Amino acid sequence: MSNKIMIFEDDAATAEFVEIVARQLGYDVTILSKTDNVLNDVLSESPDLILMDNWIPGQGGFSSVELLKSTPVTSAIPIIFYSANTDFKSLAETSKADAILTKPFDISDIEEIIVRLIGQ
1 MSNKIMIFED DAATAEFVEI VARQLGYDVT ILSKTDNVLN DVLSESPDLI LMDNWIPGQG
61 GFSSVELLKS TPVTSAIPII FYSANTDFKS LAETSKADAI LTKPFDISDI EEIIVRLIGQ
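Going by full-length UniProt numbering, the sequence shown opens with residue 1, and the numbers climb by one from there.
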């Protein structure tokens with residue numbers, strides 16, 4: 001059984017790019033375009049890794065990462081938090097994400113972080 005990756009991204013092109021990279025690494029992928037029910041969504045999918053965009057509809061990426069990291073049953077799930085925001089690094093560090101990426105990122109960036117966090 002392959003690992004599951006959950007992508008929270010409302011931009012179709014970015015979601016497709018990350019999905020292609022993750023599938024080429026052998027992972028199953030679920031994509032959601034909003035974070036209205038992020039905790040329930042994560043609990044129902046039980047992903048091994050989450051990629052979270054900062055500017056996603058719903059409660060948003062930052063609040064979603066904080067919620068997931070502060071909930072005991074989801075706190076151990078690695079989260080890659082990313083954004084095109086210029087002051088993103090300090091925001092990401094405050095969120096307790098396991099890794100951060102600044103858009104635009106390339107294939108090697110996302111591959112390296114996925115493999116480092118959950119293997120290949």
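In this text, a Cβ means the ideal position worked out from N, Cα and C, and glycines have one as well. Since this is a predicted model, take the numbers as computed values, not measurements.
{"Asked": "Would DSSP call L25 helix, strand or coil?", "Found": "coil"}
{"Asked": "Excluding sequence positions up to five away, which residues of its chain have a Cβ less than 8 Å from the Cβ of I56?", "Found": "F8, E9, D10, S33, K34, T35, S64"}
{"Asked": "Tell me whether S64 sits in a helix, a strand or coil according to DSSP, three-state version.", "Found": "helix"}
{"Asked": "Can you give me the Cβ contacts of I100 inside the same chain, cut-off strictly under 6 Å, excluding the 5 residues immediately before and after it?", "Found": "F81, A92"}
{"Asked": "Our contact map puts E19 next to V29 with C-beta atoms below 8 Å; I'd like the distance itself, whole angstroms only.", "Found": "5 Å"}
{"Asked": "Looking at the ligand SAH, does it come within less than 7 Å of K69, judged from the CB to the closest heavy atom?", "Found": "The ligand SAH is not part of the structure shown, which contains no ligands of any sort."}
{"Asked": "Reducing DSSP to helix, strand and coil, say where residue 127 ends up.", "Found": "No information on residue 127 is available, as it lies outside the stretch 1 to 120 that the chain covers here."}
{"Asked": "State the DSSP-derived secondary structure class of S83, mapped to helix, strand or coil.", "Found": "strand"}
{"Asked": "Within its chain, find whatever has a CB closer than 8 Å to the CB of L117; leave out the 5 residues flanking it on each side and keep chain order.", "Found": "L49, P78, I80, D98, A99"}
{"Asked": "Classify T14 as helix, strand or coil using the three-state DSSP reduction.", "Found": "helix"}
{"Asked": "Give me the residue from A13, T74, K4, V21 with the minimum Cα distance to V38.", "Found": "T74"}
{"Asked": "Taking E66 and S95 to be in contact with their CB atoms under 8 Å, please state how far apart those CB atoms are, rounded to whole angstroms.", "Found": "6 Å"}
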